[in-house]
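When the letters of the sequence shown are read in order and numbered with my numbering, they come out as residues 1 to 432. Glycine included, each C-beta is placed from N, C-alpha and C at the ideal position.
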Amino acid sequence: MKHNDGMLPSPGKFKSEKSSYSRLRHHFSLAKITFWSLVFVFLIYVSFFRAPSSASQTSHSDPSRRSLRTSSYGDAWEKRVRASAKIRSHNGISVLVTGAAGFVGTHVSAALKRRGDGIVGIDNFNNYYDPNLKRARQALLERAGVYIVEGDINDEKLLRRLFDIVAFTHVMHLAAQAGVRYAMENPSSYVHSNIAGLVSLLEVCKSANPQPAIVWASSSSVYGLNTKVPFSEKDRTDQPASLYAATKKAGEEIAHTYNHIYGLSLTGLRFFTVYGPWGRPDMAYFFFSKDILKGKSIPIFEGPNHGTVARDFTYIDDIVKGCLASLDTAEKSTGSGGKKKGPAQLRVFNLGNTSPVPVSELVSILERLLKVKAKKLVTKMPRNGDVQFTHANISYAQKELHYKPTTDLQTGLKKFVRWYLSYYGNGKKSAQ
Ligand SMILES: NC(=O)c1ccc[n+]([C@@H]2O[C@H](COP(=O)([O-])OP(=O)(O)OC[C@H]3O[C@@H](n4cnc5c(N)ncnc54)[C@H](O)[C@@H]3O)[C@@H](O)[C@H]2O)c1
1 MKHNDGMLPS PGKFKSEKSS YSRLRHHFSL AKITFWSLVF VFLIYVSFFR APSSASQTSH
61 SDPSRRSLRT SSYGDAWEKR VRASAKIRSH NGISVLVTGA AGFVGTHVSA ALKRRGDGIV
121 GIDNFNNYYD PNLKRARQAL LERAGVYIVE GDINDEKLLR RLFDIVAFTH VMHLAAQAGV
181 RYAMENPSSY VHSNIAGLVS LLEVCKSANP QPAIVWASSS SVYGLNTKVP FSEKDRTDQP
241 ASLYAATKKA GEEIAHTYNH IYGLSLTGLR FFTVYGPWGR PDMAYFFFSK DILKGKSIPI
301 FEGPNHGTVA RDFTYIDDIV KGCLASLDTA EKSTGSGGKK KGPAQLRVFN LGNTSPVPVS
361 ELVSILERLL KVKAKKLVTK MPRNGDVQFT HANISYAQKE LHYKPTTDLQ TGLKKFVRWY
421 LSYYGNGKKS AQ
């Protein structure tokens, strides 16, 4: 017994120990509840109110956050979508334009709206280049009656919502991570927008009823290390020189799959160095203009053995005509409810200018138009994904789309420079 007494607490002792233990436990539970409540409140705060540190990173990595916001899109938002999608011409089409706040997207959306088609844009306004320029393009489209929904093409919930509201007949898919050199800095942004984003868009299109016809931007960069010129759609495209090119090539294969399995009508457009007003600040003609005006030196690349670097510069209005002709000649998708009913159209076109111009000549034209002598720094072309030469064979687009570029580089750059000087205040307020 003693033994037991020694070993076992008396019932009373046990009772008193239990009550102090339960007080202690109560105390700790309260502290625990308070702690976890604070953690919970903090997490809610972070997920709802924290400002994105970088628009591009946020929208690239977390479309679900957009989905949360999507659920808060209400009647007023839906009304704006419907109004923007309203067709105002006989035989008009209703088009979802992805990347609508981008350079090509803005011009294509404005042109479609002008002829009375219904347009809804979508863009994530990432900060790959100055988002203020995208906002200015958005304001321009807003005035023309085009609404751009702010969202990521990886947000399938948002895309489905848009298809629920509007029975889009066509999708003009221009949203992408563009630029060749940036791929070495931020490779995942290319996978996010050009591969995952494309698949997410096609998933939604395939199950839409009716399925839309899709016209989308591939790139001349798929010709990669090809040396046979001019580049024809029949040439090999399995030697990309950059990750950007590889993602565009992957896009073409993905397009083939969705056409084959689901009967989606798909037209890929291989654009050749598009330039013009409201252009992209990461492109040579744009930042050359900025740097020439600032008196900064500009790099003029040359290929091996002092070889000329040249581009088939294509003016934006010619590209827009090619895009509209592609939409107008696109046949209907053949599937419905995610099931293919018959073979569907699958096309790829070069949209270029068919007259490559050496970069040194581009600079001479800019010097004349800007009335400033450039400080040129001739350098060997770095191995960062750029190719030495591009030249489009456009006979297929001529035959099928009646595509016929009409703007030479001198004329097109004149329009660009006029816009640049008026937008950036004669160079005083310069591009970022
Ligand atoms: N401009 C050219 O010379 C050229 C040449 C070949 C191909 N392309 C292709 O043409 C298309 C349009 O090019 P651009 O020059 O107008 O480029 P851009 O960068 O001006 O436009 C692309 C737009 O897409 C948006 N975007 C990017 N990722 C997105 C995402 N995940 N979700 C929603 N929006 C997203 C961007 O914010 C941007 O506004 C792109 O697909 C590009 O790869 C352009």
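Should residue i go down as buried or exposed, given a rule of 16 or more other Cβ atoms within 10 Å for buried?
{"i": "Asp318", "result": "buried"}
{"i": "Leu413", "result": "buried"}
{"i": "Leu266", "result": "buried"}
{"i": "Ala325", "result": "buried"}
{"i": "Asp117", "result": "buried"}
{"i": "Tyr21", "result": "Low local confidence applies: a pLDDT of 39 at Tyr21 is under 50, so the model's placement there is unreliable, and no value is given."}
{"i": "Lys79", "result": "exposed"}
{"i": "Asp155", "result": "buried"}
{"i": "Glu185", "result": "exposed"}
{"i": "Val171", "result": "buried"}
{"i": "Lys294", "result": "exposed"}
{"i": "Val274", "result": "buried"}
{"i": "His306", "result": "exposed"}
{"i": "Glu331", "result": "exposed"}
{"i": "Pro304", "result": "exposed"}
{"i": "Ile261", "result": "exposed"}
{"i": "Glu253", "result": "exposed"}
{"i": "Asn4", "result": "Confidence in Asn4 is poor, its pLDDT being 34 and thus under 50, which makes the residue's placement unreliable; the coordinate value appears in the next sentence. Asn4 is exposed by the Cβ-count criterion."}
{"i": "Leu112", "result": "buried"}
{"i": "Arg280", "result": "buried"}
{"i": "Leu198", "result": "buried"}
{"i": "Pro343", "result": "exposed"}
{"i": "Lys380", "result": "exposed"}
{"i": "Ala76", "result": "exposed"}
{"i": "His90", "result": "exposed"}
Can we count residue i as close to ligand 1, meaning its CB is less than 7 Å from some heavy atom?
{"i": "Val274", "result": "yes"}
{"i": "Leu174", "result": "yes"}
{"i": "Ser220", "result": "yes"}
{"i": "Gln177", "result": "yes"}
{"i": "Lys134", "result": "yes"}
{"i": "Thr354", "result": "no"}
{"i": "Phe231", "result": "no"}
{"i": "Arg280", "result": "yes"}
{"i": "Phe438", "result": "Here the chain covers residues 1 to 432 and nothing more, so residue 438 does not appear."}
{"i": "Ala246", "result": "no"}
{"i": "Asp123", "result": "yes"}
{"i": "Ala217", "result": "yes"}
{"i": "Ile153", "result": "yes"}
{"i": "Gly99", "result": "yes"}
{"i": "Gly102", "result": "yes"}
{"i": "Phe271", "result": "yes"}
{"i": "Gly105", "result": "yes"}
{"i": "Gly197", "result": "yes"}
{"i": "Asn226", "result": "no"}
{"i": "Asn384", "result": "no"}
{"i": "Asn126", "result": "yes"}
Excluding the five sequence neighbours on either side, which residues of its own chain have a C-beta within less than 6 Å of the C-beta of residue i, listed in chain order?
{"i": "Val387", "result": "Ala241"}
{"i": "Gly105", "result": "Val97, Gly99 and Leu174"}
{"i": "Asn226", "result": "Asp235"}
{"i": "Leu377", "result": "Ser297 and Pro299"}
{"i": "Tyr435", "result": "Any property of residue 435 remains undetermined from this structure, which presents the chain solely from 1 to 432."}
{"i": "Cys323", "result": "Val108"}
Please go through the same chain and pick out, in chain order, the residues whose beta-carbon is closer than 8 Å to the beta-carbon of residue i, but skip the five residues on each side of it.
{"i": "Thr354", "result": "Pro230, Asp312, His391, Ala392, Asn393, Ile394 and Pro405"}
{"i": "Val440", "result": "No answer is possible for residue 440: the residues shown for the chain start at 1 and end at 432."}
Does ligand 3 have even one heavy atom less than 7 Å from the beta-carbon of residue i?
{"i": "His192", "result": "By its list of ligands, the structure shown excludes ligand 3, since it contains just ligand 1."}
Once the 5 residues before and after residue i are set aside, which same chain residues still bring their CB inside 7 Å of it?
{"i": "Gln410", "result": "Ile365"}
{"i": "Lys341", "result": "Gly263, Thr334 and Gly335"}
{"i": "Pro356", "result": "Ala310, Arg311, Asp312, Phe389, Thr390 and His391"}
{"i": "Thr329", "result": "Glu400 and Leu401"}
{"i": "Arg160", "result": "Val204"}
{"i": "Arg181", "result": "Asn384 and Gly385"}
{"i": "Thr257", "result": "none"}
| task | Identify every run of the alpha helix (DSSP H) within the stretch 338-419, keeping only runs that are complete inside it and at least 4 residues long; order them along the chain. | result | 359-370 and 395-401
| query | Are the stretch 131-145 and the stretch 335-354 touching, with three or more C-beta to C-beta distances below 8 Å? | reply | They do not touch, by the three-pair rule.
| said: Which runs of the alpha helix (DSSP H) at least 4 residues long sit entirely within the stretch 212-275? Give them in chain order. | reply: 243-262
| said: Check whether the stretch 369-389 and the stretch 234-248 touch, using three or more Cβ-Cβ pairs below 8 Å as the test. | reply: yes
| query | Considering only residues of the stretch 78-137, which uninterrupted beta strand (DSSP E) runs meet the minimum length of 3 residues and lie entirely inside it, listed in chain order? | reply | Listed in chain order, the complete beta strand (DSSP E) runs (minimum 3 residues) inside the stretch 78-137 are 94-98 and 118-123.
| Runs of beta strand (DSSP E) lying entirely within the stretch 177-211, each at least 3 residues, in chain order | none
| query | Does the stretch 211-220 come within contact of the stretch 245-260, defined as at least 3 CB pairs closer than 8 Å? | reply | yes
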